[in-house]
Amino acid sequence: MYTNEKTIITVDIDDFKKYKEETRGEYVDYVDDNVIVARNMEKLPYSNRMIRLNLFIIVACIEGKMQLNINKKDYQLQAGEAFVCLPTMIISNMLLSPQHKVSLIGFSTKFLQQTVKREKAAEKALYYLYKNPVFAKSPEEKTKESQNFNLYYQLIMDKISDPSHRYRQEILGYLFSALFHEMLAGIQKHSDETEETGIEAKRSKHIFKLFMEELTADGGIHRSVSYYADRLCYSAKYISAAIKEVSGHTPTEWINEYAIEQIKYQLKHSEKSIKEIAEMFNFPNQSFFGKYVKAHIGMSPARYRVHSDSEEQDSPQTES
């Protein structure tokens with residue numbers, strides 16, 4: 003254990019060894035040169051101070067609630083959730099509910115170097131953990147991961163309580179390694195899903211931007227989603243989902259809104275006949291055009307034109 007000028011206490015595996023001897027194993031169930039297993043956070047060394055654990059720590063909240071600050075950010079854990087603390091992370095302001103139960107397993111940096119392959123996927127998962135020491139899961143994921151952790155934890159505790167077993171240390175080593183890789187696989191999966199969600203969101207925004215550019219350039223002549231889907235080389239279903247996700251409106255709503263604005267402008271400011279305007283916007287006939295306009299603005303094209311003219315005449319003129 004040592005401190006720095008900012009009174010952050012660094013705790014390593016040796017502190018847990020001393021603490022186990024001092025408390026006669028009351029809170030620390032197992033500790034060797036590479037691994038620690040404990041079942042209480044409040045009574046751990048310097049838990050009421052700002053500490054830097056020189057270990058890789060997994061803490062599962064079995065019962066109750068837990069609140070703590072990791073790297074100047076507050077987190078709260080419910081039963082069935084866990085947090086992972088990488089070496090160099092700083093923990094402070096730890097609070098636990100009166101009725102709580104936690105399980106803690108820590109690994110030394112030496113253990114990690116010997117156990118984890120230096121590959122891109124593992125490094126990406128560890129970086130994700132640095133940004134997200136506690137990450138949200140669905141109830142189903144919580145239940146499954148909690149069951150997996152409890153299974154490994156029980157196997158580990160069984161071996162810890164059997165010091166006479168000839169291969170106890172070897173079995174414990176494999177169990178610790180298996181638990182760590184099980185946890186790492188879950189984090190990699192979550193990291194990949196989060197990354198994919200981010201990529202998909204960017205793609206949806208890009209599709210919406212292209213769609214609006216096509217819609218503006220078209221001027222309201224084409225009014226089918228399939229036309230724009232073909233222009234963008236995506237399926238109508240795909241661009242519909244992307245545009246709805248980004249804007250909150252369907253492509254059809256955008257198409258009709260833009261087309262009606264263009265039609266209203268022509269009816270209001272153009273000297274073209276209604277038939278010519280219908281042809282301009284690629285309607286099969288004037289009757290179909292009339293029904294479309296009435297459905298969207300509540301009156302026929304002719305009536306809208308008269309209504310617009312009367313509004314202009316009634317509006318006050320600006321003196322020159």
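Quick note on my numbering: the sequence shown kicks off at 3 and runs consecutively.
Beta carbons: idealized from backbone N, C-alpha and C, even for Gly.
Predicted model, so just to flag it, every value in this text is computed and none were measured.
| Query | Result |
| --- | --- |
| Inter-residue Cα distance where the pair is Lys112 and Lys191 | 25 Å |
| C-beta contact flag for Ala81 and Ile64 at 8 Å | yes |
| Exposure of Ile223, with buried meaning 16 or more beta-carbon neighbours within 10 Å | exposed |
| Member of Ile60, Glu273, Leu269 and Arg225 whose CA lies at the smallest distance from the CA of Ser310 | Leu269 |
| Host beta strand (DSSP E) of Met52 (start-end) | From DSSP, Met52 is part of no beta strand (DSSP E); its letter is neither H nor E. |
| Local conformation of Ile10 per DSSP, three classes | coil |
| Lys296 to Ala219 span [Cα, whole Å] | 25 Å |
| Range covered by the alpha helix (DSSP H) that runs through Val295 | Gln288 to Ile299 |
| Sequence-distant residues of the same chain with beta carbon closer than 8 Å to Arg307, five excluded per side | Leu269, Lys270 and Ile276 |
| Other residues of its chain near Met43: CB distance less than 8 Å, five sequence neighbours each side excluded | Ser49, Val61, Met68, Met96, Leu98, Val104 and Leu106 |
| Where Ser179 sits in the DSSP three-state scheme | helix |
| Heavy atom of the ligand NAP within 7 Å of Met159 beta-carbon | With respect to small molecules bound, the structure shown includes none, and the ligand NAP cannot be examined in it. |
| Cβ contact (3+ pairs, closer than 8 Å) linking the segment 87-96 and the segment 25-37 | no |
| Pairwise C-alpha distance: Tyr21 and His208 | 56 Å |
| Terminal residues of the beta strand (DSSP E) in which Val30 lies | Val30 to Val33 |
| Any 3 or more C-beta pairs closer than 8 Å across the segment 235-243 and the segment 272-289 | no |
| Beta-carbon proximity check, Ala127 vs Ile72, cutoff 8 Å | no |
| C-beta contact flag for Asp35 and Ile59 at 8 Å | no |
| Contact under 8 Å by Cβ, Val37 with Phe178 | yes |
| Completely contained alpha helix (DSSP H) runs for the segment 77-139, where each covers 4 or more residues | 111-117 and 122-133 |
| DSSP three-state assignment for Glu247, whether helix, strand or coil | helix |
| Inter-residue spacing [alpha-carbon to alpha-carbon] between Pro303 and Glu247 | 33 Å |
| Burial state of Lys204 (16 or more Cβ within 10 Å) | exposed |
| Helix, strand or coil at Lys75 [DSSP, three-state] | strand |
| Supposed contact pair Leu234 and Phe213 - C-beta distance, whole angstroms, cut 8 Å | 7 Å |
| Boundaries (first-last residue) of the alpha helix (DSSP H) holding Ile262 | Pro253 to His271 |
| C-alpha gap between Thr9 and Asn56, whole angstroms | 15 Å |
| Status (buried if at least 16 other CB within 10 Å, exposed otherwise) for Phe182 | buried |
| Residue interval of the alpha helix (DSSP H) (run including Ile38) | Unbroken run through Ile38 is the beta strand (DSSP E), Val37 to Ala40; no alpha helix (DSSP H). |
| 6 Å CB neighbourhood of Arg305 in its chain, flanking five on each side removed | none |
| One or two residues paired with Gln69 in a DSSP bridge | Gln78 and Leu97 |
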